[in-house]
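Order-wise, the sequence lines are chains A and B. Anchor point for the first sequence: position 125 equals 125 in our numbering, and the numbering is continuous, going up by one each time. Anchor point for the second sequence: position 2 equals 196 in our numbering, and the numbering is continuous, going up by one each time. We put the beta carbon where it would ideally sit given N, CA and C, even for glycine. For clarity, every value in this text was computed on a predicted model and none was experimentally measured.
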Amino acid sequence: MDPVEQQDWLLMQRVGHGDEAAMAELYDRFVGLVYKSSKQVLTSRAEAEDAVQESFVRLWQTADRFDPSRAKLVTWVMLITRRHLIDRLRRKGARPEQLGLDSSVDFLGPVQEVVPDPGGDHDLEVLRRRIAELPELQRVVIERTYLQGFTLREVSEQLGAPLGTVKSALSRGLGRLRDRLSSDNKENGQDSSA
Amino acid sequence: MKFGEGHNSGERQTDLRGQAVLDALGLLDEVESAQFERAFRDAPPSVQADLRAVQAAVAVDPAFLADGEPSPDLRLKTLARVMTAVEQQEVQFAPIAQIGRTSARTERRPVRSIDANELVEQAMELSALRKDVERFTRSSYYWRAAAIALTAALTVALVFEVTTSQLALRITQYALGSATPAQVFESMDHPGALRAFEKASFLRGIAGAGGSATIATDLANKKSLMLAIGLDAGSKYVLEHRSETGFVTPLADFVAQRGIWGVEIDLGADLLKTGTLMLRDEAGNVVMTS
């Protein structure tokens, strides 16, 4: 374990024991990423900030499971955050039991149950627009997993398609989405480092 | 399937990289995530390093992040929320005599002599399997995690009779396998057990010894049991309690016949809540302390 990993592990041990200073350090290091991740899939600033708070509670609850030999701390923090966001999306409901490709269009609506802040949903709209430009299968799979919180297995069952196909579509779609959003960021002159 | 078996290793690595991206985004379900974990563990160090790098890059990839900064007051709100959760858990965590399955406590039998206890014997047999244990000695973290899980699980099994010997054995095997303490405790159907043990009865190993001990108390019978791992076989130890005013009370002395050894002690639950518990070796050195 290198010194940085050792420090990260010690930090998470302290977080796990409810050390407030350690939690503050964790917050200061990662709140930017946690917030930006939340903001991308939630409809309002208030909801994103609530998700940030819940994510840090989860980071405290799961701190003893952090294993630096398995993942870097930033990966762990963002994984816990994204799992929380997925759970949150699931709790929001609007998840019909049986869905085919045809019903995918409906997904652009139900997610937005919370009235967004004025100007606060710009990022989500950009994301939705870019997703809408993807080939149909990739678009549906990303909408349902990334924006709705369905598992790949559930999407596979909904579409009657093999899990491997759904997984491949998701991987390809995410790759394409990443390229397009990165291009957007460059065109807008944004720094690509988070 | 282990890395490289049955597939071209290049294709396999590409597949793993794809899985790594989905895993980092939280898009794999529990089954798929466990499959990826196994594949990661089986992969050579160079591939593991590559996958870790891929996941770290995805974690900060701007494509999956919005713009903007949180409100300045979010810091205070978040810290308050976390610390409230911490305090609530501390209030809620059960006295250690209640750790375990509530429904089974009514059926528990009196504390047994542990020298003859088959569970301890099984644990000793397992601990003798150096091939498994050596995996943990490479990393003090894993060793410590396994030790905590093992002692806590066995203590619960022995004192409260909340599990069958088969389950205790399974937990022991988990502890000596690759499971984390949290996963071990999850398998015991008691989500708060790990933290309760750590806070109420876990004696931390010191001086890098890698050992740990766990004490649980049976309130009904006023008996406690300490189970320790990482002891020197054949060595004599003394368990002491030091009050907050500095008054030291010897609680038990024993000779550890094996590296894992337990002893019954007269120790009220109240005593565990205050002061410090210390385990001293023959030379009087404190080898573990709470």
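When 62/A, 45/A, 8/A, 128/A are compared, the shortest CA-CA separation from residue 181/A is found for 128/A. Burial is judged here by how many other beta carbons sit within 10 angstroms of a residue's own beta carbon; residue 224/B has fewer than 16 and is exposed. Residues of the segment 64-75 of chain A that bring their beta carbon within less than 8 angstroms of a beta carbon in chain B comprise 64, 65, 67, 69, 70, 71, 72, 74, 75, in sequence order. For residue 24/A, at least one C-beta of chain B is nearer than 8 angstroms to its own C-beta.
Closer than 8 angstroms to the CB of residue 430/B there is not a single CB belonging to chain A.
Residues of the segment 247-260 of chain B that bring their beta carbon within less than 7 angstroms of a beta carbon in chain A comprise 249, 250, 253, 254, 255, 256, 257, 258, 259, 260, in sequence order. What residue 277/B touches in chain A, judged by beta-carbon distance under 8 angstroms, is 18, 20, 23, going in chain order.
Contact between the segment 36-45 of chain A and the segment 75-95 of chain A is present, with at least three C-beta pairs closer than 8 angstroms.
Of all residues in the segment 74-88 of chain A, only 74, 75, 76, 77, 78, 79, 80, 81, 82, 83, 84, 85, 86 come within less than 9 angstroms of chain B when Cβ atoms are compared, listed by chain position.
Classified as exposed, residue 10/A has fewer than 16 neighbouring CB atoms from the shown chains inside 10 Å of its CB. The C-alpha of residue 239/B lies about 19 angstroms from the C-alpha of residue 66/A. If you look at residue 447/B, you'll find it isn't in any alpha helix (DSSP H); it sits in the beta strand (DSSP E) that goes 442-449.
One Cα belongs to residue 264/B, the other to residue 468/B, and the distance between them is close to 41 angstroms. Ranked by Cα distance from residue 216/B, the options 152/A, 24/A, 125/A are led by 152/A. Between residue 245/B and residue 222/B, the beta carbon gap of about 13 angstroms keeps them out of contact (Cβ cut-off 8 angstroms). In terms of beta-carbon proximity, residue 206/B stays away from the interface with chain A, with every pair separated by 8 angstroms or more.
Counting the other CB atoms within 10 Å of its CB gives residue 3/A a total below 16, which places it among the exposed residues. The C-alpha of residue 83/A lies about 16 angstroms from the C-alpha of residue 254/B. Contact between residue 16/A and residue 60/A holds, with the beta-carbon distance rounding to 7 angstroms and staying under 8 angstroms.
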